[in-house]
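A short worksheet on the structure shown next.
Residue numbers (the numbering used here): 566 to 1708.
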């Protein structure tokens, strides 16, 4: 349908389009949800599609239809970059296409199909299923060495030195000794291979641990459990029946590695899904009803039944299938949904389950939502790779100039190649060695920092990325919050109760309420028509005590919480609770539910005296403060959905036969269904500003006739085939009218320690924070406010739900008019916008100070990380603590895992692991900043060290008739790059411009790093000029001051070169460390001591004379003193920002 939409506005349609746009923006939000279906229906009609332009064009601007245009600047930029992408990315695209073609030929992906699984009859299964094992390793035994070598030599620097080292096997091209080239290259490769081998072995151990989990299998041969191994052949048979009990008595220590449908249990069970969607709450799963009537487990093999399931897909929140039993008359068909499903990586937390395996291995939801790990390369490495290419161009140009000045005499191509080898030190291989050793040092410093204990560096190749971040993508549950809800406030309209006045509520509940008792008895005895009863009820003003009783009872009944008792009277397939063991003792009871909000509410009712002691699918029992047990029959349950934003329950009091419909939900959903009041909206706003999550509670009394009429209509709606959801919603909506408003509750989700100051610190550092969560929109918005991710004075634009291109276009235009406001968008709307308006959405969202994405799947989180990388080119960091965050962590440029309640899966998959969110501030501001600035200084200084000796070689060859003869040979070259200068140069990893306390106090210092000024072509050019100046001074000075023998030139120039390098290190250092001074003295001592053993290169008698000393001193002074003067003047005239803070 979107293909019929024109690409630019039509003048004749302007009036109609304006009317439609006005109608759309006049909608008041979710509160006017009743108007949405008609609006959406109008937009979906093809007759109106040609009136709604979606994309921009130059004609659109001329027609003055700017309201319809989404980001013209983005479109212009896209056209401008078109030619650049075509030219620069053509070769890369061709190579990638060839590689993908080869991969597809070698490993064809099997098409995913729907399947039919027969119970106990594996021979009836038509297709095989993948092995039930996971694999997170990058390589195997055959691809390890080729893969690691490819990852190394795809960088120009390493490939260049491989070619140079191989050229030394050709006699005509040999210059010096083989070890001078192969030793550094071999060292780099050995360190890299060892590091990759250790990482690969750790991944293998983690996979082995997961794949070795135990399970119990029901076999056809005997109707009892037989223990098997998690990776045996039987696991791959999808028709196998499995028994699974609670995690604690089974002792397997991990989540199940197959996917099941509950077939035979105590009709329901609770599972944990924290490793799949990040939510730590227990979720209720219901078994297939027709299997509950079987007398024994073994009867599962005697029936003829099968499960038809949809093909494997990514969505973890939906499932469609059917359960069919053929041997009954007539055949039984039962629909299966998400409530009948247990995904892989979920844990059976309470109850027992007999399930049939449908998806295994690569077809499970958890594996399909996990992206393959990639080799992360830091931005600094990429920048240095570009600089080495520039150096290579300079190397070739210099060699060509030398051959040209030589006059192309003889075999000039051989001379050209020899010059390339002579000047090869322009690109020093020690650059990789020093940078890799520096990265290891940074990782050691991070793990030894006592201010962030427990921090682990798992990827040692990208510590500098911590200093270049612009976007921080963070999970909510367990990362920003502790996922611990605390009841804070109860508001009844005229009176409000807080944490310090809860004892008043206890006093009201201890005293019986005569008004409520008489009212309940009157409702039970009379047969007054419902409308009349409802209209007369509000006229009687209830006392505060009766209103407290009603509110607390409604909170204690309207939920989906189940009490769980630890004591059990059996283990195995028939595990049940014994009545004798259910003593309802408070110390032995815990509450479990799908939402922590509900648990907090029920725990609060227990604290004030009304306790939920028992619950099953059909009833629940409450214990009053006096010890009396009240039993309520659950007639209907209406669970919470993201569309309705409310949940309800219809219960019958067993003692009075009174039927009541209780409902609670978000204020935007409840304000239109409760009776008129003048306080709800104001109090909801007050609680929201305090960071509390609000719920509105209401009720409606029903007669028996009313309920029977509703039940018949509700049953018919559930049996309908077409538009079932709409019909069911319409029937339930008939009850949601003129409900009596009981109370407003406020619950606080406790934040992690120091979350607010940490987020403020990151914002002041110029980092934009995006919160990506699988939680509900209201919850995510509330946490964004309470954590100060969104400031209190900042506007929030809630992106309305969109399902097609037209709605996405209108909502994007509405968002485009907002300025400096935070964006809140759901995963479904995000998917639609990314499908049609990816670039426009990215451009708009990147301008927001904060973005909140709710109901995000693991795949969507990873896609958002890649979207920011592609459209902004900035560095991104992902922070998470659950298995659902692994894909996002692996997709981001830098991943940080937090060890928390949701396990260690995210921590193990991350590049850096921390124990608390607040440690991220110091990790970025101190260690990230220092790592980047130190590596930038170290990399440029190593290049300077190679450039200066190459300049001396060029001067030497020019003076001696452009001869391709090396200036320094053998040990002199090896010693220059190692023991003579290595320790002082490497000591730059200890340098720091400001103290850690200052870096934490002034996070604005971090902003400068994102501009990349510490390492750029400008700073690189400065070092090139310094190298040319010093190399020329050293070589020409030695040639001018030498007397009779050429060996004196070598002695003077090489000694002055060593002294110059040591002085330049001292010039570069900003804060001295005692190890730096030791390195300087040690290197100088090593050189002086080695002079006695360098008879082959130096005249020992000459270097002991005063003439040698003053000549070396003069040349060194001329090469270094002007640079010291320039540095002093620059600091005085244009001091860097950090010096203003330290002075």
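All C-beta atoms, glycine included, are put in the ideal place defined by N, C-alpha and C.
Opposing strand residues paired with residue i [DSSP bridges]
i            : result
residue 1463 : 1479
residue 1212 : 1229
residue 1353 : Paired residue(s): none; residue 1353 is not in a bridge.
residue 848  : 836
residue 1265 : 1226
residue 1443 : 1038, 1460
Close-in-space but distant-in-sequence residues of the same chain around residue i (CB under 8 Å, 5 per side omitted)
i            : result
residue 1502 : 1553, 1556, 1579, 1633
residue 965  : 981
residue 1323 : 1482, 1483, 1485, 1486
residue 1694 : none
residue 1240 : 1103, 1303, 1304, 1305, 1306
Own chain partners of residue i with C-beta closer than 7 Å, once the 5 adjacent residues on each side are dropped
i            : result
residue 1700 : none
residue 1307 : 1115, 1116, 1119, 1262, 1263, 1264
residue 797  : Confidence at residue 797 is low in this model, with a pLDDT of 33, below 50, so the placement of that residue should be treated as unreliable; the coordinate-derived value is given next. Once the five neighbours on either side are set aside, residue 797 has no close Cβ partner at all.
residue 761  : 713
residue 1300 : 1226, 1265, 1275
residue 898  : 887, 889
residue 1491 : 1561, 1564, 1565
residue 1641 : 1552, 1555, 1634
Nonlocal neighbours in the same chain, by C-beta distance under 6 Å from residue i, ignoring five residues either side
i            : result
residue 1407 : 1432, 1436
residue 1663 : 1616
residue 1202 : 1214
residue 716  : 940
residue 1185 : 1197
residue 1626 : 1546
residue 1054 : 1063, 1311
residue 1210 : 1230, 1231, 1234
Under the three-state DSSP convention, the category residue i falls into
i            : result
residue 1335 : strand
residue 1076 : coil
residue 951  : helix
residue 1330 : coil
residue 1118 : helix
residue 1048 : strand
residue 1155 : strand
residue 1197 : strand
residue 1347 : helix
residue 1556 : coil
residue 1186 : strand
residue 711  : helix
residue 886  : strand
residue 1160 : coil
residue 794  : Residue placement at residue 794 is flagged as unreliable, the pLDDT there being 35, under the threshold of 50; the coordinate-derived value follows with that caveat. Residue state, collapsed to three classes: strand.
Pair within 8 Å by beta-carbon distance, residue i and residue j
i            : j            : result
residue 1387 : residue 1355 : yes
residue 889  : residue 697  : no
residue 1542 : residue 988  : no
residue 1377 : residue 1425 : no
residue 921  : residue 872  : yes
residue 1345 : residue 1417 : yes
residue 1350 : residue 1427 : no
residue 695  : residue 848  : no
residue 1313 : residue 1257 : yes
residue 1444 : residue 1463 : yes
residue 1126 : residue 1164 : yes
Residue i CB to nearest heavy atom of the ligand SAM below 7 Å
i            : result
residue 1046 : You won't find the ligand SAM in this model; it holds no ligand whatsoever.
Is it a yes or a no for the region 764 to 773 touching the region 698 to 711, going by three-plus beta-carbon pairs under 8 Å? yes
Are three or more beta carbon pairs between the region 992 to 1004 and the region 1501 to 1519 nearer than 8 Å? yes
Within the chosen definition, does the region 1295 to 1312 reach the region 1273 to 1281 through at least 3 CB pairs nearer than 8 Å? yes
Count the C-beta pairs between the region 1036 to 1053 and the region 951 to 960 that are closer than 8 Å, then say yes if the count reaches three, no if not. no
Does the region 1566 to 1574 touch the region 996 to 1016, meaning 3 or more C-beta pairs lie closer than 8 Å? no
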